[in-house]
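Student: Residue numbers (the working numbering): 1340 to 1401. Please read through the structure below; I'll follow up with questions.
What follows is the structure, given as structure tokens:
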């Protein structure tokens, strides 16, 4: 079963859709994050949960 690490990003209410897309694209491209969940809050802001897989390296036994 893969392990993931998560980060929450909050996008303010006045942010346009294109700016939010650019922000999330930068996270995905440079940080290797993928979209896990997007929640629209009552005040109009968005809470975005991103995830990326944790790759554990096995120590070599020589």
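Each residue gets a CB set at the ideal place from its N, CA and C atoms; glycine is no exception.
For residue 1430, collect the residues of the same chain with a Cβ closer than 6 Å to its Cβ; drop the 5 residues on either side in sequence, then sort them by chain order.
Tutor: Because the chain spans 1340 through 1401 in this model, residue 1430 falls outside it and cannot be assessed.
Student: Run through DSSP, which three-state label would residue 1356 get?
Tutor: Here residue 1356 sits in helix by DSSP.
Student: Keeping to the same chain, check which residues put their C-beta closer than 8 Å to that of residue 1373; ignore five residues upstream and five downstream.
Tutor: The answer, listed in chain order, is 1367, 1389, 1390, 1391.
Student: Which value, in whole angstroms, describes the spacing of the CA atoms of residue 1363 and residue 1376?
Tutor: Cα to Cα, residue 1363 sits roughly 12 Å from residue 1376.
Student: Which partner residues does residue 1390 have in the DSSP bridge list?
Tutor: BP columns for residue 1390 point to 1345, 1373.
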